[in-house]
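Engineer: According to the numbering used here, the sequence shown is numbered sequentially starting from 7.
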Amino acid sequence: MGPRGYRYKTSHSQPGPGDGGATGSWRVQRPVIDLARCTPAKRGKEACFACWLYCPDVVVSRTIPPQIDYEYCKGCGICAEECPTGAIEMVDESAAHEHED
Ligand code: SF4
Ligand code: SF4
Numbered sequence: 007m008g009p010r011g012y013r014y015k016t017s018h019s020q021p022g023p024g025d026g027g028a029t030g031s032w033r034v035q036r037p038v039i040d041l042a043r044c045t046p047a048k049r050g051k052e053a054c055f056a057c058w059l060y061c062p063d064v065v066v067s068r069t070i071p072p073q074i075d076y077e078y079c080k081g082c083g084i085c086a087e088e089c090p091t092g093a094i095e096m097v098d099e100s101a102a103h104e105h106e107d
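1. Under the three-state reduction of DSSP, which class applies to GLU52: helix, strand or coil?
2. Which residues mark the beginning and the end of the beta strand (DSSP E) in which GLY95 is found?
3. Use the C-beta contact count for THR45: other C-beta atoms within 10 angstroms, 16 or more gives buried, fewer gives exposed.
4. Could you have a look at PRO37 and say whether DSSP puts it in helix, strand or coil?
5. Please name the residue, chosen from LEU59, LYS48, GLY30, that lies closest to CYS85 on a Cα-to-Cα basis.
6. Going by DSSP in three states, ILE84 sits in which element: helix, strand or coil?
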């Protein structure tokens with residue numbers, strides 16, 4: 007057997023927000039959460055958070071309501087696919103910018 011405590015000293019990595027770098031301007035679609043359909047937002051308590059769990063870039067917060075960090079979101083759409091209530095819609099970036107103006 008290795009030195010005492012060996013199994014606790016092996017290296018490992020964990021993903022963190024922004025590990026893939028800032029998205030820049032190339033994202034085609036962005037996820038938008040409809041809070042009227044989002045379970046934790048509706049109930050006002052911790053529930054679901056499938057979007058937080060499945061986002062590969064770790065850019066969805068586990069908060070009420072969930073928040074998406076668009077600086078790092080790649081627009082992959084996994085969160086929208088996994089949301090059990092259909093609360094997340096993928097919106098074209100051009101339409102999203104028009105909405106902001
Ligand atoms: S997966 Fe959908 S319902 Fe669940 S927390 Fe995220 S947006 Fe809300
Ligand atoms: S679109 Fe992809 S990167 Fe952006 S929040 Fe959803 S799962 Fe994460």
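Heads up, the beta-carbon is just placed ideally off N, CA and C, and yes, glycines get one too.
Structural biologist: Straight from the coordinates:
1. Working through the sequence shown from its first residue, we reach residue 52 at position 46. Note: GLU52 maps to coil in three-state DSSP.
2. Within the sequence shown, residue 95 is the residue found at index 89, counting from 1. It should be pointed out that residue 95 corresponds to Glu in this sequence rather than to Gly. 94 to 98 is the span of the beta strand (DSSP E), which, as asked, contains GLU95.
3. Residue mapping note: residue 45 aligns to position 39 of the sequence shown, counting from 1. THR45 should be labelled buried.
4. As a working mapping, residue 37 is identified with position 31 in the sequence shown. Three-state result, PRO37: strand.
5. Taking the first residue of the sequence shown as position 1, residue 85 is located at position 79. Ranking the options by Cα distance to CYS85, first place goes to LEU59.
6. Along the sequence shown, one-based indexing puts residue 84 at 78. Reduced to three states, the DSSP call for ILE84 is helix.
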